[in-house]
Structure formats: C-alpha cells, structure tokens
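Throughout the sequence shown, residue numbering follows full-length UniProt numbering, covering 1 to 138 in sequence.
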Amino acid sequence: MSAEGCLFCAIATGERPGNVVFSDEVAFAFLDVRPVFKGHVLVAPAAHAETLTDLPAPSVGPFFERVQAVATAVERGLEAGGTFVAMNNRISQSVPHLHVHVVPRNRKDGLRGFFWPRTTYDGPGEAEAYASRVRAAL
C-alpha cells in the first residue's frame, strides 16, 4: 500500500531512486540523502503509515525487528562503535511516512545531544559503496 505523492513510497516501489539496503514485505531501508554521518540509514514500513501511531499494532514488532537488523548491519558493515536510533512523529518529520533513523556512531564523532549536523556523499559512487557495505552485512 502506498500513498499518492509520498517520496518514500516512490523509493519503495522503485519509481524514485534510492540507495536501498534492505526490502521485504514489512519494511525497506535506504541511505538518507542528507546523512548525519555517512552510512545513515532510514528504515520505513513497506505499507504507508505516517507516524508510529498509524502503524497497525500487529506490524510494530515485525517492523522493529527490521530496525534491529539494520542497526546491527550498520555497526558490522561500517565497523561503527554503535548506532543512534531515533524517530520523529510529525514534528521534525520531513517526509510524512514513518521512518526510523539508524545513524552509525563512534566515540568522539562530534555528535552532541539532538543537534544533527548533516554531511553529503562525494557522489553516487560513494553513496552506493556505503549502501553496499550495509547490504552485505544484512
């Protein structure tokens, strides 16, 4: 199920490009185009839901199992010391499709509190290289 005009639904169906690292009937995960750190992944439910409260209760567990798998893959694939896992509901949610941020973290990486400086990839090749590393760890 997708919503008309939803950017994330368009990425899930392949109508729009995205560095997808995982996809199944429950969720899909892809690189954030404005990452906090390179390798920052967004995990979204395959069926359109705007917020966590809109996700049907039976879907919550399976969805977060995918979030857990992606967090593990980001750590392993990128050799990160850990991850920062977060979600916004409406406020600060730039795309109205539920998504969880999985951000690779390392000690002294400069991230403090909820100030999220953003970076960019050097180009499509570098983005795909990061996506490939996470994909291989899944």
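In this text, a Cβ means the ideal position worked out from N, Cα and C, and glycines have one as well.
Extent of the continuous alpha helix (DSSP H) run through Arg-105: Taken as a continuous stretch (DSSP letters only), Arg-105 belongs to no alpha helix (DSSP H), being part of the beta strand (DSSP E) at 100-105.
Any 3 or more C-beta pairs closer than 8 Å across the segment 123-130 and the segment 57-65: no
CB of Ala-46 within 9 Å of CB of Leu-55, strictly: no
Cβ-based burial, Asn-19 [other Cβ within 10 Å; buried from 16]: buried
contact_flag[the segment 70-87, the segment 126-138] where n(CB pairs < 8 Å) is 3 or more: yes
Supposed contact pair Val-95 and Leu-7 - C-beta distance, whole angstroms, cut 8 Å: 5 Å
Cβ pair Thr-51, Arg-90 closer than 9 Å: yes
Candidates Val-85, Gly-61, Gly-81 and Ser-132: closest to Asn-106 by CA position: Gly-81
Cross-strand partners of Ser-23 (DSSP beta bridge): Phe-28
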